[in-house]
Amino acid sequence: MLPLTLIAILSLGFVEGINPHKGLLFSSYFYSFNKRLESYLLPLVITICYYLIGIIISLLVIIPHDPISKLILLNLILASIMMKIVCSSSNFLHYSGSMKPLLSNVIKWSLANSIIEMSPIEMIVANYLINLGFIIFFLANFITREIAFYFCKNSVPRKLYLYNIELTIEIPILIFLLVGVILT
């Protein structure tokens, strides 16, 4: 069961990293304004800010492996799946904020959308399934974002934006995490 859970966590980190709706377009946007250094720092800043609440909760709260905790996590994953479906089908449930190419705007955007999309739950579940699993998720996410931006500064994020990655890929992987929690 551990290898399958590890694969699900790595896959979710990879998919979240290539999702243009979660910051990859910001790097291209900064790059187009000749803010080269900031555009290469953005994947790290966005990943940290997007998952900051989940990291803090994973480090401070130890979730016991009992039936009540498992039931709570199952309900949280189901709520997260439903929020991803709702957020991906509606542009009104995303915080857009100011479009000035400033790091402070990106930090506000990341924190607000993280809360709206219930992203901290993914980190908490990863930590519940595998001790320090949130580190694996975080590193897979950050490395994928950095590599994706480096190799496709302008063209690919715009092409990826046409696809709804949240509905086609993220939700099935979250369902695998749901199964992982059920089987533990």
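Note that this note's numbering has the sequence shown beginning at 1203, numbered continuously upward.
In this text, a Cβ means the ideal position worked out from N, Cα and C, and glycines have one as well.
C-beta atoms of M1285 and E1240 nearer than 9 Å: Inclusion of M1285 and E1240 in the CB contact set at 9 Å is not warranted, their separation being larger than that value.
Residue range of the unbroken alpha helix (DSSP H) whose run includes I1337: Its alpha helix (DSSP H) spans residues G1335 to F1353.
Contacts around G1299, its chain only, beta-carbon distance under 8 Å, and the 5 residues preceding and following it disregarded: Answer for G1299: N1307, K1310, W1311 and A1314, listed in chain order.
Three-state secondary structure assigned by DSSP to G1382: Helix at G1382.
Three-state secondary structure assigned by DSSP to S1298: It is coil, neither helix nor strand.
Reference A1342, options T1207, P1266, C1354 and I1211, closest by Cα: It is I1211.
Cα-Cα separation between P1205 and L1385, rounded to whole angstroms: The alpha-carbon atoms of P1205 and L1385 are separated by roughly 13 Å.
Rounded straight-line distance, which links the Cα of F1353 to that of L1275: It is roughly 37 Å from the alpha-carbon of L1275 to the alpha-carbon of F1353.
Distance between beta carbons of I1375 and S1213, contact taken as under 8 Å: Taking the Cβ atoms as the reference, S1213 lies roughly 5 Å from I1375, within the contact range of under 8 Å.
S1234, buried or exposed, once every other Cβ within 10 Å from all chains shown has been counted against 16: Residue burial annotation: S1234 is exposed, with fewer than 16 other C-beta atoms found within 10 angstroms of its C-beta.
Alpha helix (DSSP H) segment containing L1262, residue limits: First-last of the alpha helix (DSSP H) with L1262: R1238 to L1262.
Exposure of S1282, with buried meaning 16 or more beta-carbon neighbours within 10 Å: So S1282 ends up on the buried side.
Unbroken alpha helix (DSSP H) run spanning P1266, endpoints: First-last for P1266: undefined, no H or E at that position.
Reference H1267; option with closest CA among S1229, F1232, L1244 and I1326: Nearest of S1229, F1232, L1244 and I1326 to H1267, Cα basis: I1326.
Where the alpha helix (DSSP H) through L1331 begins and ends: In this chain, the alpha helix (DSSP H) harbouring L1331 covers P1322 to L1331.
L1304 - containing alpha helix (DSSP H), residue span: Unbroken run through L1304: none, as it is neither H nor E.
CA nearest to the CA of A1350, picked from P1322, F1228 and V1381: The shortest Cα separation from A1350 among P1322, F1228 and V1381 belongs to F1228.
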